[in-house]
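Notes for the one structure printed next.
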Amino acid sequence: MSRVYNFSAGPAVLPEEVLQEAAKEMLDYRGTGMSVMEMSHRSAAFETIIQDAEKDIRTLLNIPEDYEVLFLQGGASLQFAMIPMNLMKHKKADYILTGQWAKKAWKEAQKYGEAKAAASSEEQNFSCIPDLSELSASGDADYVYICENNTIYGTKFHTLPDTKGIPLVADVSSCFLSEPVDITKYGIMYGGVQKNIGPAGVTIVIIRKDLIREEVLPGTPTMMQYHVHAKAGSLYNTPPAYGIYICGKVFRWLLDQGGLPGIQKKNQKKAALLYEYLDDSRLFSGTAAKKDRSLMNVPFVTGDKDLDARFTAAAAEHGLVNLKGHRSVGGMRASLYNAMPYEGVEALVSFMEKFEKENR
Ligand SMILES: *Cc1c(COP(=O)(O)O)cnc(C)c1O
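Numbered as in this note's numbering, the sequence shown ends at 1121 without a single skipped number.
Following this line, the structure appears as structure tokens:
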């Protein structure tokens, strides 16, 4: 069996140990005689799975009791609508635009209220996080919205904006559980799990309980109301059970890595290896502003489209796959999520060195 190094931005690499364990349990989950895919979400076995998953993510992120953890569906994209529909009491929110995902969320929110672009780095093709020292959140905004790690552009908020007490809502899809965070700084932290946690189909929403309101905007579908899911313990309807099961295994795996401080160290070491090479390279260069670089997504270019395409194809032949950049940045992008081993980044960098020698 030969596994490749998969640098995809998402769905993305998962820990091999987790996949092995899931394979072992595929036909008979712990003496139940069936796969997790085949069991009732109301069964004792599945109740244990979802409860353990919640317990472990609470441990990892140190989530206090006044926050709810919801396992939902619809991807990160459904949250673009759910957030305003549930939170827009005064029908006002501030959005910080740092890329396409933030922009999509902002556009969606405009259907429900006054969503203001409070800051933007679009003029810099989103290669940086805008200066927020002068940010003045509208006093009556219901929330301030950010996309904390910009998957396409490879930038990250290394400090959170000061929202002066207004709830901060953050899309953390591509940096979920990659480093320790202070959850109490957030009103909502949410993400699709297919970037850094599990298989597509699960969205995790961590929400401060006082933001779970029954007075949602008129017409909000039942399935899109946080309080409905909170009351039902994420079992209002059939949840994405198998996906939650895999997420649970990834949480255990993360605890075994030393929790978020442990995985952060590994992530920093992996990213440093690639960034140090990029900074010295005369062929390749990173596209994101140094001060805002992401540990998770690293876009880079040669400056020559044909050479980029040749590099991506040659890398794939060497088992380094999914390195093609997003069309809005071009070039390449290496995603170095939690489950990417250090050896994968070493293999990438030595392949880049060789390619550089042959093509300068
Ligand atoms: C991938 C991604 C999304 C979209 O996620 P879906 O689950 O496909 O809706 C949203 N935000 C960010 C930051 C992403 O990386």
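C-beta atoms are modelled at their ideal positions from N, C-alpha and C, and glycine is treated no differently.
Please read these numbers as outputs of a predicted model, since none were measured by experiment.
Beta-bridge pairing of residue i - partner residues as DSSP gives them
i	result
Arg1088	In DSSP, Arg1088 forms no bridge with anything.
Tyr1175	The requested residue 1175 does not occur in the structure, where the chain is confined to residues 762 to 1121.
Phe832	Ile965
Asn1058	Ser1096
Unbroken beta strand (DSSP E) run spanning residue i, endpoints
i	result
Gly953	949-953
Ile857	853-858
Arg1094	1093-1096
As assigned by DSSP and simplified to three states, the class of residue i
i	result
Pro863	Sequence check: residue 863 is Ala here, not Pro. If DSSP states are grouped into helix, strand and coil, Ala863 belongs with the helices.
Asp932	strand
Tyr1036	helix
Asn1083	coil
Lys872	coil
Lys956	coil
Phe1072	helix
Asn767	strand
Tyr790	coil
Ala1050	coil
Ala880	strand
Ala708	Coverage of the chain is limited to positions 762 through 1121, which leaves residue 708 absent and any answer about it impossible.
Asp971	helix
Asn998	coil
Met798	helix
Lys946	helix
Asn1028	helix
Gly926	coil
Thr983	helix
Gly900	coil
Pro1022	helix
For residue i, the first and last residue of its enclosing alpha helix (DSSP H)
i	result
Met1113	1103-1119
Ser838	836-848
Cys1008	1002-1017
Arg819	805-822
Val905	Segment 904-908 is the beta strand (DSSP E) holding Val905; no alpha helix (DSSP H) there.
Val989	987-992
Gly779	Just to set this straight, residue 779 is Val in the shown sequence, not Gly. Here the alpha helix (DSSP H) through Val779 covers 777-785.
Distance between beta carbons of residue j and residue i, contact taken as under 8 Å
i	j	result
Tyr856	Ala866	7 Å
Asn910	Val942	In fact, because the Cβ distance is near 11 Å, the residues do not count as touching under 8 Å.
Ala902	Ala842	So it is not a contact: roughly 18 Å between Cβ atoms.
Ser769	Ser1089	About 17 Å separates the two Cβ atoms, so there is no contact after all.
Ile968	Ile949	5 Å
Leu929	Tyr947	5 Å
Tyr951	Val966	4 Å
Nearest neighbour of residue i, chosen from the options [CA to CA]
i	options	result
Met846	Asn998, Gly1023, Pro982	Pro982
Lys992	Gly980, Val1011, Lys970, Phe1012	Lys970
Tyr766	Gly1091, Phe1112, Leu1081, Glu1107	Leu1081
Ala961	Gly1004, Leu921, Lys853	Gly1004
Arg1001	Gly771, Arg803, Glu786, Val779	Position check: residue 1001 holds Pro in this sequence, whereas Arg was assumed. The shortest C-alpha separation from Pro1001 is found at Arg803.
Asp1053	Thr916, Val963, Lys1026	Thr916
Ser882	Ala863, Ala1049, Asp923, Thr859	Thr859
Ile1024	Leu780, Lys1051, Asn1099, Phe1112	Asn1099
Gln986	Asp1041, Ile844, Ser796	Ile844
Asn886	Thr793, Gly1091, Ile818, Met1101	Gly1091
Glu777	Thr999, Val1011, Met800, Glu940	Val1011
Lys1030	Ala1070, Ser939, Val977, Leu1044	Ser939
Glu815	Gly1047, Ser1111, Gly1009	Gly1009
Glu1117	Trp862, Pro1060, Tyr1103, Ala1076	Ala1076
CB contact below 7 Å: residue i versus chain C
i	result
Ile844	No chain C is part of this structure, which consists of one protein chain only.
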